[in-house]
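What follows is a single structure, written as structure tokens, with notes after it.
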Amino acid sequence: MPVTTHVVPTDDGWIVKKAGGKPSTVFPTQREATERARHLVKNAKVAHVVVHDRNGSFHTAVLRGLPEVHGPAVKGTLSKKTIRRAVGKVVLARLMAE
Amino acid sequence: MRPRLRPTHVFINCPFDSSYKPVFDAIVFAVLYLGFVARSALESDDGGDIRIKKIERIIEQCRYGIHDISAAGLDPHTDLARFNMPFELGLFLGCERFGDARQRQKSCLILDTKPYRFRIFISDIAGQEVKAHGRNPERAIAGVRDWLASRRKGLPGGTSVAKRYRKFLRALPGLCKEADREMDKLTFPDFVEMIEAWLDAGR
Numbered sequence: 090m091p092v093t094t095h096v097v098p099t100d101d102g103w104i105v106k107k108a109g110g111k112p113s114t115v116f117p118t119q120r121e122a123t124e125r126a127r128h129l130v131k132n133a134k135v136a137h138v139v140v141h142d143r144n145g146s147f148h149t150a151v152l153r154g155l156p157e158v159h160g161p162a163v164k165g166t167l168s169k170k171t172i173r174r175a176v177g178k179v180v181l182a183r184l185m186a187e
Numbered sequence: 686m687r688p689r690l691r692p693t694h695v696f697i698n699c700p701f702d703s704s705y706k707p708v709f710d711a712i713v714f715a716v717l718y719l720g721f722v723a724r725s726a727l728e729s730d731d732g733g734d735i736r737i738k739k740i741e742r743i744i745e746q747c748r749y750g751i752h753d754i755s756a757a758g759l760d761p762h763t764d765l766a767r768f769n770m771p772f773e774l775g776l777f778l779g780c781e782r783f784g785d786a787r788q789r790q791k792s793c794l795i796l797d798t799k800p801y802r803f804r805i806f807i808s809d810i811a812g813q814e815v816k817a818h819g820r821n822p823e824r825a826i827a828g829v830r831d832w833l834a835s836r837r838k839g840l841p842g843g844t845s846v847a848k849r850y851r852k853f854l855r856a857l858p859g860l861c862k863e864a865d866r867e868m869d870k871l872t873f874p875d876f877v878e879m880i881e882a883w884l885d886a887g888r
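Respectively, the protein sequence lines represent chains A and B. If you count the first sequence from 1, you need to add 89 to reach our numbering. If you count the second sequence from 1, you need to add 685 to reach our numbering.
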């Protein structure tokens with residue numbers, strides 16, 4: 090069962106969606122959609138809310154009951170930004186296809 | 686100044702040959718998923734860094750160590766034994782035994798292909814925690830998860846780590862394509878960064 094609740098940009102605004110779940114109604118702003126996502130998970134012992142931006146990047150808004158994941162101790166050859174954008178695009182494409 | 690012991694760092698002392706890579710990658714994923722920092726001699730290719738110095742520094746910084754001795758047999762090309770993994774295991778155990786109070790907090794897991802095989806060639810490690818993975822990545826994940834869960838409460842179960850790892854493997858070609866990098870050219874830090882980003886983006 091997927092844990093993460095995503096806040097996702099659309100042409101009309103912002104929606105809240107879980108992998109394999111139905112999208113919420115459209116919110117006019119990212120902030121309102123994020124508030125809705127926070128509200129949905131407020132009583133969950135394990136919760137993860139990820140907010141996607143229109144440029145492919147993303148950030149974590151809620152992380153509860155899950156270990157924080159740590160990056161490498163030394164820098165790689167690819168920039169963190171490049172990797173996070175690539176991951177954000179792939180995850181978002183997959184989420185919207187489900 | 687001496688590097689301090691980092692309580693979440695895990696030194697992964699494993700073979701680097703391609704036949705072992707599926708197990709190595711699975712161990713790295715499990716370590717990260719469970720909230721620890723994966724360290725390896727592969728993490729830096731600084732030409733000015735003498736290899737043993739780099740390994741000593743990583744060992745000194747890591748509270749935990751995962752040592753896979755499954756490749757300690759004869760090299761088919763040279764007919765000589767491969768000593769690197771047992772040697773680095775010895776360094777780690779030496780730190781744990783003879784180091785200062787912090788170094789004595791160290792803890793290690795030893796992995797091999799079959800249970801009790803180590804008794805034939807390195808019986809002196811009897812009494813350490815040794816688990817067999819049979820070169821199966823998911824068994825390696827379960828072994829690493831159970832060992833770390835005995836040291837930190839509230840970690841996700843082995844099945845959920847393995848399930849998530851299978852999903853990551855399915856996504857990896859797309860991630861590499863999007864990052865414009867061939868899968869087999871990913872460096873260890875890039876691979877770690879990719880796992881971190883992917884887990885940050887959804888669990």
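Beta carbons: idealized from backbone N, C-alpha and C, even for Gly.
{"query": "CB contact below 9 Å: B/Glu878 versus chain A", "result": "yes"}
{"query": "Contacts that A/Pro91 makes with chain B (C-beta to C-beta distance below 8 Å)", "result": "Gly887 and Arg888"}
{"query": "Supposed contact pair B/Cys699 and B/Tyr749 - C-beta distance, whole angstroms, cut 8 Å", "result": "The Cβ separation is near 14 Å, so there is no contact."}
{"query": "Buried or exposed (CB count within 10 angstroms, at least 16 for buried), B/Arg836", "result": "exposed"}
{"query": "Member of B/Ala856, B/Thr798, B/Phe876 and B/Ile744 whose CA lies at the smallest distance from the CA of B/His694", "result": "B/Ile744"}
{"query": "Status (buried if at least 16 other CB within 10 Å, exposed otherwise) for B/Ile737", "result": "exposed"}
{"query": "In DSSP terms, what B/Gly720 is bridged to", "result": "In the DSSP output, where bridge partners are listed per residue, B/Gly720 has none listed."}
{"query": "Cα-Cα separation between B/Ser825 and B/Ala711, rounded to whole angstroms", "result": "The identity of residue 825 of chain B in the sequence shown is Ala, whereas the question assumes Ser. Approximately 7 Å, taken between the alpha carbons."}
{"query": "Members of the region 720 to 741 of chain B near chain A, C-beta cut-off 8 Å", "result": "Gly720, Phe721, Val722, Ala723, Arg724, Glu728 and Ser729"}
{"query": "Sequence-distant residues of the same chain with beta carbon closer than 8 Å to A/Val105, five excluded per side", "result": "Thr94, His95, Val96, Val97, Pro112, Ser113, Phe116, Ala122, Arg125, Ala126 and Leu129"}
{"query": "Stretch-stretch touch, CB-based, cutoff 8 Å, three pairs: the region 156 to 163 of chain A with the region 867 to 883 of chain B", "result": "yes"}
{"query": "Within the region 694 to 782 of chain B, ranges of the alpha helix (DSSP H) (whole runs, at least 4 residues)", "result": "706 to 718 and 736 to 746"}
{"query": "Where B/Asp710 meets chain A, residues with beta-carbon distance less than 8 Å", "result": "Those within 8 Å of B/Asp710 in chain A number zero; the least Cβ separation is about 14 Å."}
{"query": "Test item: CB-CB of B/Glu823 and B/Ala847 under 9 Å", "result": "yes"}
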